[in-house]
DNA sequence: TCGATGGCTTGTA
DNA sequence: CTACAAGCCATCG
């Protein structure tokens, strides 16, 4: 049972938003992403709370910068395989706690840029009616923006909730070119 | 182990 | 349009 001996935290700031990434020094995989406006300490605290054994370094600053590009609606080269998605109940340090959670996150990753899915449609792809549980996974998404939970909305196409607040969700979707009228997605054909 | 709690959905009024 | 109620089911304490 492997345990992370240390987490490396890198930061990047763009447009008054602080992006923090936590990377395991033993596996090189991202274990947590957090963003906060406008408080850098808060962004870091979210990672430190889960991983008290950490150090700061600019080693992964480029990843944090790439994440900021997603927010701004630009293309990035971020891949699923840089994320720690392994599930192992005997290892408390792993960010993904269950295979259900992993399945939802992977399915969310497949939502294309500029498009949206619903909590319901994700649940149905996983052959379950656990719509609310899908929402819970989104709420605890360790990899915001890379796993685009901002592209998951309610079945009536209203925007739904978001960790960073609904205004933030709206903003990211707008940056991706999604048509919004108030809090509702307007489908473009 | 079991009740409470959700970034939800559908139905009814 | 709003307001509940009941159902769903994975997770947490």
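Residue numbers (my numbering): 1 to 189.
Glycine is no exception: its CB is placed at the ideal position from the N, C-alpha and C atoms.
| Query | Result |
| --- | --- |
| Of the listed residues 113, 99, 183, nearest to residue 151 (C-alpha basis) | 113 |
| Own chain, CB closer than 8 Å to residue 99, minus 5 neighbours either side, in chain order | 87 |
| Residue interval of the alpha helix (DSSP H) (run including residue 55) | Here residue 55 belongs to no alpha helix (DSSP H); instead the beta strand (DSSP E) covers 54-56. |
| Nearest-angstrom Cα separation, counted from residue 174 out to residue 72 | 9 Å |
| Reduced DSSP secondary structure (H/G/I, E/B, other) of residue 147 | strand |
| Through-space distance from residue 144 to residue 77, alpha-carbon basis | 15 Å |
| Secondary structure of residue 7, DSSP reduced to three states | strand |
| Separation of residue 25 from residue 172, as counted between CA atoms | 30 Å |
| C-beta contact flag for residue 116 and residue 63 at 7 Å | no |
| The segment 118-129 touching the segment 6-20, judged by at least three CB pairs closer than 8 Å | no |
| Selection from 158, 146, 60 that minimises the alpha carbon distance to residue 74 | 146 |
| Where the alpha helix (DSSP H) through residue 48 begins and ends | 40-50 |
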